[in-house]
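A.B. asks:
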Ligand code: LLP
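Numbering (full-length UniProt numbering), first residue to last: 6 to 427.
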């Protein structure tokens, strides 16, 4: 399919819209997303899993913009949420309860109440204490909560950074394999929970099918024992984690390889397959457009100083993540440089010692593969208003998040104190 950001006549476009036109209209830094790329990514997964009953629940932590959610809703996806805030956004975007699976190790009572009020499809249980809490909350509401147990399959996962591993032994996520049977048995004692599924999530940015191949037999055996224990299991959830290429020379994750293994397991169980991809659906659809503020030469090094910083896109600072950076307007000449933001931290960089186009102040850069975990992880650090977001569809573009204003920075603060005594 078409790349999200093709170059035409030396100028980077988002689909058919020249990026300089967006920057002129909306300013920088700005996230730009290609609607057609999101459509194509979802379609690719839908086709890969078409032969079994399944539902794709977008892990909206990757990109929770209402317009992005609405687009995925229109295309028939569901969502994987991890907070009451995400539930609220999902509802605002048009999703209803049965479009929602609720993951996460630390759901509050209020969040569980909201999820049950909305009649979510499944609450993924991550501990015994949480199971007991869900039963109590459901009891107070006079309902039976549909739950899935998230199994920690305890497989080795080769992710690019330790912070995005989740399916290994000793992580906070999921129920350790050895405890699953005990929890499954416990569900019978709890009148307000019904075990409808078993699931797992192996980690993020997983580039090959090996961890899935190792983990599936463990999930299948948990499913088999839950069924033998008399539970009416309807769903198996294999989580998210499909990798996308961040480097220019990297290939795409082998979806067909992954699908083949997962499909075989789904057929064996006859269950409805749930998938929770985040990054796969949106990462490549997005770029962060930033303007070069200054060129700087210091201590024998070249620096390109941009108007976007780690508050706008934190992945390089937090995970040493690599993002390709393109000059929006092609120019001759390269320079080995650090691309750095304006924030007062030495971790505030987008590239280190990288061959870059020899851009001048005023030039635009596109930080690529920024559609996932970009805006959603942004902050106001250094009192910087968060950037704008723009959706492009063919030859049109629309602002989908306004740039924050200075007043937004202090909206929840009080300079004139109303003291209270305890
Ligand atoms: N399901 C569960 C239960 C998850 O915890 C996650 C991600 C996903 C699905 C979606 O994973 P994906 O398909 O996007 O890999 N901030 C990090 C990624 C953290 C992922 C956390 N969990 C990053 O920027 O790389």
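We treat Cβ as the ideally placed atom computed from N, Cα and C, and that holds for glycine.
A quick note: this is a predicted structure, and the numbers were derived from the prediction, not measured.
What did DSSP end up calling residue 140 once you bin it into helix, strand or coil?
C.D. replies: It is helical.
A.B. asks: Go ahead and pull the three-state DSSP assignment for residue 151.
C.D. replies: In the three-state reduction of the DSSP assignment, residue 151 falls in the strand class, which pools E and B.
A.B. asks: Among 292, 388, 326 and 282, whose alpha-carbon lies nearest the alpha-carbon of residue 108?
C.D. replies: 282
A.B. asks: How many angstroms separate the CA atom of residue 145 from the CA atom of residue 125?
C.D. replies: 17 angstroms
A.B. asks: According to DSSP, is residue 303 part of a helix, a strand, or is it coil?
C.D. replies: Strand, per DSSP.
A.B. asks: Would you decide whether residue 187 is buried or exposed? Buried here means 16 or more other CB atoms lie within 10 Å of its CB.
C.D. replies: Burial call: exposed.
A.B. asks: Report the option in 79, 230 and 123 whose CA atom is closest to the CA atom of residue 91.
C.D. replies: 123
A.B. asks: Is there contact here, the region 11-29 with the region 270-281, by at least three beta-carbon pairs under 8 angstroms?
C.D. replies: Per the Cβ contact rule, the region 11-29 is not in contact with the region 270-281 (fewer than 3 Cβ pairs under 8 angstroms).
A.B. asks: Taking residue 342 as the reference, which of 302, 229 and 143 has the closest Cα?
C.D. replies: 302
A.B. asks: Starting from residue 230, trace the alpha helix (DSSP H) in both directions and tell me its first and last residue.
C.D. replies: 215-233
A.B. asks: I'd like the span of the alpha helix (DSSP H) that includes residue 183, first residue to last.
C.D. replies: 182-194
A.B. asks: Just checking residue 296 against the ligand ADP - is the residue's beta carbon closer than 7 angstroms to any of the ligand's heavy atoms?
C.D. replies: Summarising the ligand content, the structure contains the ligand LLP and does not contain the ligand ADP.
A.B. asks: Find out if the Cβ-Cβ distance for the pair residue 260, residue 211 is shorter than 8 angstroms.
C.D. replies: no
A.B. asks: Count the other CB atoms within 10 Å of the CB of residue 257; is the residue buried (16 or more) or exposed (fewer)?
C.D. replies: exposed
A.B. asks: Can you confirm whether the region 310-328 touches the region 347-359 when touching is taken to mean that 3 or more C-beta pairs between the two stretches lie within less than 8 angstroms?
C.D. replies: Contact holds: three or more Cβ-Cβ distances are below 8 angstroms.
A.B. asks: Taking only the alpha-carbon atoms, compute the straight-line gap between residue 142 and residue 196 and give it to the nearest angstrom.
C.D. replies: 11 angstroms
A.B. asks: Is any non-hydrogen atom of the ligand LLP found closer than 7 angstroms to the C-beta of residue 382, if you look at the structure I gave you?
C.D. replies: yes
A.B. asks: Touching or not, the region 276-292 and the region 43-52, by the rule of three or more beta carbon pairs under 8 angstroms?
C.D. replies: yes
A.B. asks: Measure the C-alpha to C-alpha separation of residue 313 and residue 232 and round it to an integer number of angstroms.
C.D. replies: 52 angstroms
A.B. asks: Anyone know if the C-beta pair for residue 329 and residue 295 falls short of 8 angstroms?
C.D. replies: no
A.B. asks: Taking only the alpha-carbon atoms, compute the straight-line gap between residue 56 and residue 304 and give it to the nearest angstrom.
C.D. replies: 60 angstroms
A.B. asks: On a CA-only basis, which of 403, 249 and 348 is nearest residue 298? Give me that one, please.
C.D. replies: 348
A.B. asks: Less than 8 angstroms separating the beta-carbons of residue 38 and residue 361?
C.D. replies: no
A.B. asks: Compute the beta-carbon to beta-carbon distance between residue 152 and residue 199, rounded to the nearest angstrom, for a pair I have assumed lies under 8 angstroms.
C.D. replies: Right, their Cβ atoms sit about 7 angstroms apart.
A.B. asks: Report the rounded CA-to-CA distance for residue 264 versus residue 221, giving the unit in angstroms.
C.D. replies: 12 angstroms
A.B. asks: Under 8 angstroms by Cβ, that's how I've got residue 278 and residue 59 pegged, so tell me the actual separation to the nearest angstrom.
C.D. replies: 4 angstroms
A.B. asks: Excluding sequence positions up to five away, which residues of its chain have a Cβ less than 6 angstroms from the Cβ of residue 106?
C.D. replies: 62, 85, 126 and 127
A.B. asks: Is it buried or exposed, residue 104, if we count other Cβ atoms within 10 angstroms and call 16 or more buried?
C.D. replies: Buried, because 16 or more other Cβ atoms sit within 10 Å of the Cβ of residue 104.
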